[in-house]
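Just so you know, we're using UniProt numbering here: the sequence shown kicks off at 1 and counts up by one.
Ideal placement from N, C-alpha and C gives every residue a C-beta, glycine not left out.
Since the model is a prediction, treat every value here as computed from it, not as a measurement.
What follows is a short report on a single structure.
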Amino acid sequence: MDHHNTIKTPHFSHITPEDLDHIYEPSEDSFLLIDALEKDLDLIRAICPAVCLEVGSGSGVVITALATALGPRCCYLATDINLRACRITQETGQANDVSVNAINTDLVDGVRSPVDVLIFNPPYVVTPSEEVGRGDLEHTWAGGELGREVMDRLFPRVSELLSSKGVFYLVVLKENRPQEVAELLALQGFSCTTLLSRTTGPEKLSVLRFTRNR
């Protein structure tokens, strides 16, 4: 494999067991997303991104992994509704010699700049609606109806947020009805590609890539 096109998994040994009571532990979906970004590295480099944003960064391993691969010519932003996750995201960046600016906000509230690479590993587990956004850890996985309540709130904002050349990466479960997600974003002028899929236990996870129709 061409070393130029590999993404190394960031160090995250600074994350304590106590932190993991409050933030999402780097898991199969995080590593699947990193693998998908690695697979797409040529495409990402070709658009010469200026701003990369991960929504709901948790431990920060995904945005940090991308930052180590792309280097300092890019601005790396992360958002998380959980203040501790923001702090740990910044620490994960520092532990891997990259600068990630974490913003404590809901989804993309307050983010103004056009984003070239948008990444979202949302809470996608199908749960009762009332579990959505309840506690630190529920925030990270409880997705409510179809597991889509949180991601459905982001979709209407993707078009205004993403630059004209921008690309959006999204992790979904089979239960989230990826085809429906693709149709929703098609209405905003995006085409969808399934980059990678992986089955872990009962979960069939996929990473979708959305780009604007030219």
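Cβ atoms of V167 and T211: under 7 Å apart, would you say?
-> Against the sequence shown, residue 211 aligns to sequence position 211. Against the sequence shown, residue 167 aligns to sequence position 167. Against a cut-off of 7 Å, the Cβ pair of V167 and T211 comes out as a contact.
How would you call E54, buried or exposed, if buried means at least 16 neighbouring beta carbons within 10 angstroms?
-> The count along the sequence shown starts at 1 and reaches residue 54 at position 54. By the 10 Å Cβ count, E54 comes out buried.
Would you tell me roughly how many angstroms separate the C-alpha atoms of D19 and S59, rounded to the nearest one?
-> Residue mapping note: residue 19 aligns to position 19 of the sequence shown, counting from 1. Residue mapping note: residue 59 aligns to position 59 of the sequence shown, counting from 1. Answer to the nearest angstrom: the Cα atoms are 9 Å apart.
Figure out for me which residue from N121, C86, R209, T68 has the closest Cα to the Cα of K8.
-> In the sequence shown, the residue the question calls residue 8 occupies position 8. Restricting attention to N121, C86, R209, T68, the CA atom closest to the CA of K8 is found in T68.
Quick one: residues in its chain with C-beta nearer than 7 Å to the C-beta of T6, no 5 flanking neighbours on either side, listed in chain order?
-> Within the sequence shown, numbered from 1, the residue matching residue 6 stands at position 6. Closer than 7 Å at Cβ, skipping near neighbours: E38.
Determine the burial state of D42: buried for a count of at least 16 other Cβ atoms within 10 Å of its Cβ, exposed for fewer.
-> Here the question's residue 42 lines up with position 42 in the sequence shown. When all chains shown are included, D42 counts as exposed.
In the DSSP assignment, find the alpha helix (DSSP H) that holds C86 and state where it starts and stops.
-> By 1-based counting over the sequence shown, the position of residue 86 is 86. Taken as a continuous stretch (DSSP letters only), the alpha helix (DSSP H) holding C86 covers 83-95.
Contained beta strand (DSSP E) runs [length at least 3] in the region 121-187, N- to C-terminal order | 162-173
Would you please state the rounded distance, in angstroms, between the beta carbons of P49 and C74? I believe it to be under 8 Å.
-> Residue 49 sits at position 49 when you count from the first residue of the sequence shown. Residue 74 sits at position 74 when you count from the first residue of the sequence shown. The pair is a contact, with the Cβ atoms about 5 Å apart (cut-off 8 Å).
Would you mind giving the Cβ-Cβ distance between D136 and I23, rounded to the nearest angstrom? I have them listed as a contact below 8 Å.
-> Here the question's residue 136 lines up with position 136 in the sequence shown. Here the question's residue 23 lines up with position 23 in the sequence shown. So it is a contact: roughly 7 Å between Cβ atoms.
Exposed or buried, what is A46 when buried is set at 16 or more other beta-carbons lying within 10 Å of its beta-carbon?
-> The residue labelled residue 46 in the question sits at position 46 within the sequence shown. So A46 counts as exposed.
CA nearest to the CA of I119, picked from D80, E91, A95 = Taking the first residue of the sequence shown as position 1, residue 119 is located at position 119. Minimum Cα distance to I119 is reached at D80.
Give a yes or no on whether the C-beta atoms belonging to V62 and F12 are separated by under 7 Å.
-> Reading the sequence shown from its first residue, position 62 is the one you call residue 62. Reading the sequence shown from its first residue, position 12 is the one you call residue 12. Contact: no.
Per DSSP, C52 is paired with what?
-> On the sequence shown, position 52 is the one that residue 52 refers to. Beta-bridge pairing links C52 to Y76, V117.
Bridge partners - E18, DSSP secondary structure assignment = Your numbering for residue 18 matches position 18 in the sequence shown. According to DSSP, which records beta bridges pairwise, E18 is partnered with nothing at all.
Would you list the one or two residues that DSSP bridges to L208?
-> Residue numbering aside, residue 208 sits at position 208 when the sequence shown is read from its first letter. Its beta-bridge partners are L170, T194.
Between which two residues does the beta strand (DSSP E) harbouring I103 extend?
-> Counting from 1 along the sequence shown, the entry for residue 103 is found at position 103. For I103, the enclosing beta strand (DSSP E) starts and ends at 100-104.
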